[in-house]
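Trainee: The structure is given below, and queries will be raised subsequently.
There are 2 protein chains.
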Amino acid sequence: MHVARLSLSLAAALALSAPLSFDAQATSPIMSEGNNGVSAAAMKQADILREAALHDETAWHVLESLTTEVGPRVAGSEADARAVTWMVAKFKALGFDKVWTEPVTFPKWVRRSESAAIVGASAQPLHVTALGGSAGGIVTGEIVRFATLAELEAAPAGSLTGKIAFLDYRMERMKDGSGYGPGSRGRSRGPSAAIRAGASAYLMRSVGTDDHRNPHTGMTRYDEGLTPAPAAAVSNPDADQLARLLKRGAVQVKLALDCGWDGEYTSQNVIAEIRGRGKPDEVVGIGGHLDSWDLGTGAIDDGAGIAITTAAALLIKQQPMRPLRTIRVIAFANEEQGLHGGRAYAEAHNATVAKHQIMAESDFGAGRIYAITFSESGRDSAAAKQIETALAPLGITPATEGGPGPDVIASAQNGVAWAELQQDGTDYFDLHHTPDDTLDKVDPEALKQNVAAYAVFAWLAANASDSFGSAPKAAETAR
Amino acid sequence: MHVARLSLSLAAALALSAPLSFDAQATSPIMSEGNNGVSAAAMKQADILREAALHDETAWHVLESLTTEVGPRVAGSEADARAVTWMVAKFKALGFDKVWTEPVTFPKWVRRSESAAIVGASAQPLHVTALGGSAGGIVTGEIVRFATLAELEAAPAGSLTGKIAFLDYRMERMKDGSGYGPGSRGRSRGPSAAIRAGASAYLMRSVGTDDHRNPHTGMTRYDEGLTPAPAAAVSNPDADQLARLLKRGAVQVKLALDCGWDGEYTSQNVIAEIRGRGKPDEVVGIGGHLDSWDLGTGAIDDGAGIAITTAAALLIKQQPMRPLRTIRVIAFANEEQGLHGGRAYAEAHNATVAKHQIMAESDFGAGRIYAITFSESGRDSAAAKQIETALAPLGITPATEGGPGPDVIASAQNGVAWAELQQDGTDYFDLHHTPDDTLDKVDPEALKQNVAAYAVFAWLAANASDSFGSAPKAAETAR
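Read top to bottom, the protein sequences are chains A and B.
Oh and the first sequence: position 472 is 472 in the UniProt record's numbering, straight run, nothing missing.
Oh and the second sequence: position 274 is 274 in the UniProt record's numbering, straight run, nothing missing.
This is the structure we're talking about:
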């Protein structure tokens with residue numbers, strides 16, 4: 001709070017005192033003058049960008065176009081290819097200087113059908129969805145409830161033979177989404193724990209904070225050496241129902257999943273650039289992931305990220321002076337099933353780690369950004385401080401806790417500096433990985449605030465005279 | 001507002017001045033003394049009932065039991081029979097004096113499967129549900145949008161040949177639910193209008209106020225002489241999506257419904273009584289409907305009505321003095337598909353119209369009751385005024401607009417007086433006829449307020465010395 005107020009005053013002072021100079025040939029006013037960060041003129045331009053973004057409809061139009069015309073675009077599906085085509089065409093139509101694709105190959109998982117029901121005296125349907133990566137199969141068995149993953153992991157081998165393990169853990173609603181960690185561990189590790197105890201199938205309360213009949217999908221993986229068993233999530237109200245019925249006696253459930261792995265698929269990272277005027281081979285990388293789960297239309301996850309970063313880059317292009325460095329927007333392929341796009345990008349660009357000024361991915365919906373953090377290497381740079389100052393009028397304060405966006409993790413491991421623009425995720429897990437992830441759930445005003453933040457961030461990072469500390473990590477790149 | 005404040009003062013004054021007398025043999029203190037309505041002692045007892053209800057958990061337990069153990073209970077299904085068995089057992093276990101069933105026969109409609117998708121360049125699934133009574137069939141065609149039912153009804157014969165009519169009317173959110181009339185007309189009349197214009201199928205925006213991927217089901221009927229075509233509702237976000245796509249060009253939809261009529265079924269109205277001490281053959285009838293749609297577990301529609309009225313009657317039984325007249329709780333069969341239970345009740349009890357002091361059905365969820373109205377015949381009775389007085393502390397004010405609950409309509413047509421305890425339905429159509437109609441959507445405190453209102457109403461109506469004007473209607477009964 002203290003820091004925020006201080007930054008706000010600083011921003012106002014700078015805006016009032018900064019001399020204006022927009023000679024496209026003269027780079028010095030935009031370059032840093034003495035503070036080794038960002039020039040006063042660039043800071044002034046950031047103010048202009050910020051205000052312009054709050055009245056810019058581009059992100060909404062991009063998001064509407066993607067979620068409407070392409071709709072759900074699960075990795076490896078026919079819609080994945082349509083999304084790539086759409087993204088290339090959209091970048092070109094919007095006037096980016098350069099647009100290209102880079103291949104991303106991954107195993108393809110297919111959901112064909114899924115259903116479940118309580119059988120017996122209280123027969124009734126359950127709303128389920130297969131976890132991504134689940135094996136198919138039809139299983140009927142008594143469910144055995146576990147309140148926590150730890151309890152399930154403590155179940156002795158053979159103790160669940162012929163049974164369906166039911167993990168009844170409800171994730172916590174938090175602004176920073178930190179309830180997702182404990183929740184999603186049940187999704188990633190639960191199936192293997194169930195199989196080790198002998199269970200025929202795995203059923204879990206969705207990793208979600210809502211009270212709708214929407215199961216939340218998301219990936220799981222089976223530990224090596226285990227025979228995969230069907231794994232699915234039930235909606236929160238369905239989990240409540242199972243818990244109530246279990247208080248009355250044994251509960252039999254029939255689970256039928258038709259899904260599984262089906263060869264390989266090659267999708268594309270779609271990349272577009274606004275070329276820098278002074279150091280065009282140095283890049284500020286922003287973006288989101290182009291794939292979505294199949295249940296919704298991928299508005300908050302992650303059409304919003306694509307729309308926000310595309311609109312931010314475009315706003316920068318529309319200013320009278322180009323940024324010093326290149327702004328690169330990356331629409332990553334297949335984040336959902338294993339960060340494949342981010343990994344492919346890191347591998348393809350490993351030779352130019354030092355040329356990456358900084359990277360930031362928007363992949364936590366479209367709630368307002370309230371904090372920013374930088375990788376340790378860049379946190380104390382003059383440019384970081386000036387970015388924090390320029391973001392303060394948007395209600396954004398500096399933070400120390402955080403991490404790179406999912407598709408930036410691999411690049412960060414290679415040594416690329418990162419920033420995280422932290423969004424309010426209070427409602428994110430009401431919608432995440434459900435049919436309800438649709439355009440109407442996005443607040444257009446919050447979306448604009450995101451664009452403003454990314455435009456300011458990218459612009460200032462691209463014009464900074466100092467670096468955020470990107471440097472190849474020999475040990476890491478060998479992994 | 002003025003009336004409410006006046007009633008509140010009156011209630012307080014009566015409560016303070018009323019002599020207490022609970023001799024089960026002496027009826028005079030409970031009977032009216034001079035005002036031809038309800039005695040001061042009965043009014044005092046109403047205050048006690050009202051307060052007791054606000055701490056009574058019975059309704060919640062009944063509602064939890066029904067929605068959990070029986071779950072969805074669509075008329076004619078296996079679960080319909082389970083619901084009847086459950087209701088009989090529950091009434092008996094709760095200690096009602098008399099429990100019986102009366103047959104209700106109706107045509108049986110069955111939903112087997114339903115799906116829809118946009119096909120072509122923006123291929124994506126749609127969340128649909130067949131309208132009750134719909135014919136099955138698989139249809140692919142271009143959709144033609146109509147903003148209102150009037151526009152669709154004006155479409156010339158042959159103008160929709162080979163097309164799917166799409167009614168894109170969104171119902172309005174209103175406290176009194178009055179947005180449902182215009183909305184549900186599109187459901188009842190839309191399919192016939194579409195067929196008359198030559199359409200191969202009918203698709204409508206759900207009659208609902210939510211923004212979830214839940215289609216709302218509900219009955220439709222085809223006009224005589226028309227060949228039924230598949231008729232379904234899409235969720236609000238899906239309707240938004242169709243509307244957005246239509247702005248971009250033609251939209252092809254594939255609709256596949258497997259459903260239809262399948263013979264007859266005989267269910268039961270389940271009836272229970274708290275026997276009156278003085279005029280046991282005269283009855284105050286309260287209740288709800290036992291059937292639900294199949295998509296949810298029928299918590300707000302209408303498990304709540306069953307729970308509220310059951311708990312209210314039971315609370316009355318638990319008082320030191322029995323009511324003068326009998327309190328009858330009626331769990332009506334198959335309201336959803338044509339008010340069959342209410343019609344059967346009216347027919348079976350047509351000879352005792354005059355013995356029905358008054359009837360009231362709770363069938364608008366579990367939101368707080370904010371108003372009460374009576375049929376014209378009883379609106380100005382002294383008892384009605386005193387009921388209004390006793391309900392005022394619950395925030396309930398007299399109203400003149402209103403009508404009998406759906407299962408009371410047929411009895412009202414036969415001449416039975418009715419009351420309507422009007423619930424706040426602001427959120428009702430977020431859930432109505434969807435998978436989201438589940439227990440967690442019910443506010444336990446609002447449920448208790450409903451029980452309090454029904455207990456006070458039934459108790460005072462049962463003890464009134466005057467009538468609400470029930471009288472056989474020769475002309476009406478001949479219908």
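The beta carbon of each residue, even a glycine, is placed where N, CA and C say it ideally should be.
Would you mind reading off the limits of the beta strand (DSSP E) that contains residue 361 (chain B)?
Mentor: From DSSP, the beta strand (DSSP E) with residue 361 (chain B) extends over 356-361.
Trainee: Would residue 124 (chain A) pass as an interface residue toward chain B - the criterion being a Cβ-Cβ separation below 8 Å?
Mentor: Yes, residue 124 (chain A) counts as interfacial toward chain B.
Trainee: If you measure from the beta carbon of residue 447 (chain B) to each beta carbon in chain A, is any gap under 8 Å?
Mentor: Not closer than 8 Å to any Cβ of chain A, the Cβ of residue 447 (chain B) fails to qualify, so no.
Trainee: With which residues is residue 261 (chain B) paired in a DSSP beta bridge?
Mentor: Residue 261 (chain B) pairs with B:109.
Trainee: By the criterion of Cβ-Cβ separation under 7 Å, what are the contact partners of residue 127 (chain B) in chain A?
Mentor: The contacting residues are 435.
Trainee: How would you label residue 42 (chain A), buried or exposed, when you count the other beta carbons within 10 angstroms and need 16 or more for buried?
Mentor: Under this definition residue 42 (chain A) is a buried residue.
Trainee: Using a C-beta cutoff of 8 Å, does residue 58 (chain A) count as contacting chain C?
Mentor: Given the protein chain composition of this structure (A and B), no chain C is represented.
Trainee: Once the 5 residues before and after residue 265 (chain B) are set aside, which same chain residues still bring their CB inside 6 Å of it?
Mentor: So the qualifying residues of the chain are 76, 108.
Trainee: Using a Cβ-Cβ distance under 8 Å, would residue 324 (chain B) count as near chain A?
Mentor: It does not; no Cβ of chain A falls within 8 Å.
Trainee: For a test of your reading of the model: does the CB of residue 331 (chain A) fall under 7 Å from any non-hydrogen atom of the ligand GTP? Yes or no.
Mentor: No copy of the ligand GTP appears in this structure; indeed no ligand is present at all.
Trainee: Where do the N-terminal and C-terminal ends of the beta strand (DSSP E) with residue 289 (chain A) fall, by residue?
Mentor: Counting along the chain, the beta strand (DSSP E) containing residue 289 (chain A) begins and ends at 279-289.
Trainee: Rounded to a whole number of angstroms, what is the C-alpha to C-alpha distance between residue 482 (chain B) and residue 300 (chain B)?
Mentor: Residue 482 (chain B) lies beyond the stretch modelled for chain B, which goes from 1 to 479, so this question has no answer here.
Trainee: Confirm, please, whether the CB-CB distance from residue 352 (chain B) to residue 273 (chain B) is below 8 Å.
Mentor: The answer is no: Cβ separation not under 8 Å.
Trainee: Hey, is residue 71 (chain B)'s beta-carbon within less than 8 Å of any beta-carbon in chain A?
Mentor: For residue 71 (chain B), the answer is yes, since a Cβ of chain A falls inside 8 Å of its Cβ.
Trainee: Are the stretch 192-204 of chain B and the stretch 154-162 of chain B in contact at 8 Å, needing three or more beta carbon pairs?
Mentor: Yes, the stretch 192-204 of chain B is in contact with the stretch 154-162 of chain B.
Trainee: Taking Cβ-Cβ distances below 9 Å as the criterion, which residues of the stretch 211-237 of chain A are in contact with chain B?
Mentor: Answer set for the stretch 211-237 of chain A: 211, 212, 213, 214, 235, 236, 237.
Trainee: State yes or no: is the C-beta of residue 415 (chain B) within less than 8 Å of the C-beta of residue 470 (chain B)?
Mentor: Cβ distance < 8 Å, so residue 415 (chain B) and residue 470 (chain B) count as in contact.
Trainee: Please identify the residue among A:247, A:213, A:218, A:254 whose C-alpha is closest to the C-alpha of residue 237 (chain A).
Mentor: Nearest C-alpha to residue 237 (chain A): A:213.
Trainee: For chain A, is any of its Cβ atoms less than 8 Å away from the one on residue 252 (chain B)?
Mentor: It does not; no Cβ of chain A falls within 8 Å.
Trainee: Which whole-angstrom value describes the C-beta separation of residue 410 (chain A) and residue 342 (chain A), a residue pair presumed to lie in contact below a C-beta threshold of 8 Å?
Mentor: Confirmed, about 5 Å.
Trainee: Does DSSP put residue 163 (chain A) in a helix, a strand or coil?
Mentor: Of the three classes helix, strand and coil, the one that applies to residue 163 (chain A) here is coil, per DSSP.
Trainee: So what does DSSP say about residue 202 (chain B), is it helix, strand or coil?
Mentor: Looking at residue 202 (chain B) - three-state DSSP - the assignment turns out to be strand.
Trainee: Span of the alpha helix (DSSP H) holding residue 224 (chain A)?
Mentor: No alpha helix (DSSP H) contains residue 224 (chain A), which DSSP labels as neither H nor E.
Trainee: With a threshold of 8 Å between beta carbons, is residue 245 (chain B) in contact with chain A?
Mentor: At least one chain A Cβ lies under 8 Å of residue 245 (chain B).
Trainee: Give every residue of the same chain whose Cβ lies closer than 6 Å to the Cβ of residue 433 (chain B), excluding the five residues on either side of it in the sequence, and list them in chain order.
Mentor: Contacts found: 216, 217, 218, 293.
Trainee: DSSP three-state label for residue 188 (chain A), please.
Mentor: The answer is helix: DSSP assigns residue 188 (chain A) an H, G or I state.
Trainee: Between which two residues does the alpha helix (DSSP H) harbouring residue 243 (chain B) extend?
Mentor: Where residue 243 (chain B) is concerned, the enclosing alpha helix (DSSP H) stretches over 236-246.
Trainee: Just checking my contact of residue 345 (chain A) with residue 463 (chain A) at CB under 8 Å: how many whole Å lie between their CB atoms?
Mentor: With a Cβ gap of about 24 Å, residue 345 (chain A) and residue 463 (chain A) do not count as contacting.
Trainee: Any idea what DSSP makes of residue 330 (chain A), helix, strand or coil?
Mentor: Residue 330 (chain A): strand per DSSP, three-state reduction.
Trainee: For the putative contact between residue 72 (chain B) and residue 135 (chain B), defined by C-beta atoms under 8 Å, what is the C-beta separation to the nearest angstrom?
Mentor: 22 Å between Cβ atoms; not a contact.
Trainee: Quick one: give me the first and last residue of the alpha helix (DSSP H) that residue 389 (chain B) is part of.
Mentor: Run containing residue 389 (chain B): 382-391, per the alpha helix (DSSP H) assignment.
Trainee: Looking at C-alpha atoms only, which residue of A:389, A:58, A:174, A:368 is the closest neighbour of residue 207 (chain A)?
Mentor: Considering only alpha carbons, the answer is A:174.
Trainee: When the Cβ atoms of the stretch 300-312 of chain A are set against those of the stretch 359-375 of chain A, are three or more pairs found closer than 8 Å?
Mentor: In short, these stretches touch, since the Cβ pair count reaches three.
Trainee: Compute the Euclidean distance between the alpha carbons of residue 406 (chain B) and residue 290 (chain B), then round it to the nearest angstrom.
Mentor: Spanning the two alpha carbons is a distance of roughly 13 Å.
Trainee: Using alpha carbons as the reference points, say which of B:66, B:118, B:123, B:184 lies closest to residue 429 (chain B).
Mentor: Nearest of B:66, B:118, B:123, B:184 to residue 429 (chain B), Cα basis: B:184.
Trainee: Quick one: complete beta strand (DSSP E) runs, 3+ long, within the stretch 65-134 of chain B?
Mentor: Fully enclosed beta strand (DSSP E) runs of 3 or longer: 98-119, 124-126, 128-130.
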